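So the mapping is simple: our numbering equals the position in the sequence shown, first residue as 1, plus 3. Note that CB positions come from ideal geometry on N, CA and C, so glycine has one too. Because the structure is a prediction, the values reported are computed rather than measured. Report on one structure; see the data block that follows.
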Amino acid sequence: MNWEVLTTAPDQLIAESWCGLIRAAGIECRLQPGDAVGFMGVSVFPVRLMVLKADVELAQSILDSYVAEDENPENEEDPEQPEADDLR
Numbered sequence: 004m005n006w007e008v009l010t011t012a013p014d015q016l017i018a019e020s021w022c023g024l025i026r027a028a029g030i031e032c033r034l035q036p037g038d039a040v041g042f043m044g045v046s047v048f049p050v051r052l053m054v055l056k057a058d059v060e061l062a063q064s065i066l067d068s069y070v071a072e073d074e075n076p077e078n079e080e081d082p083e084q085p086e087a088d089d090l091r
């Protein structure tokens, strides 16, 4: 089997969640061995998700449908927040 890195999650809990979404769609998913350090508890370090090479595109589309990029980056103003002048 040809396993390929799909993406990197910020920590083990998120990696397990993302793998769960992918597995629920019928795609094999596993965490990169060595990234999730089990003997020390849950890893707070980035963890790579692996899927079979043939499933990379489908797995990515599944993740994309559930996990959106930040829609309000820090460098943009929040349109919902009132301006300082509006509060006076």
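For TRP6, the beta-bridge partners assigned by DSSP are LEU55.
Counting only the Cα atoms, LEU66 lies some 15 Å from VAL50. Shown here, ALA12 sits in a strand according to DSSP, grouped into three states. In this structure, LEU52 lies near CYS32, with their beta-carbon atoms less than 8 Å apart. Under DSSP, LEU24 shares a beta bridge with no residue.
The distance from the Cβ of SER64 to that of GLN15 is about 23 Å, inconsistent with a contact at the 8 Å cut-off. When the beta-carbon positions are compared, VAL54 and GLU7 come within less than 8 Å of each other. Looking from the CA of PRO36, the closest CA among ASP58, ALA28, SER68, GLU19 belongs to GLU19.
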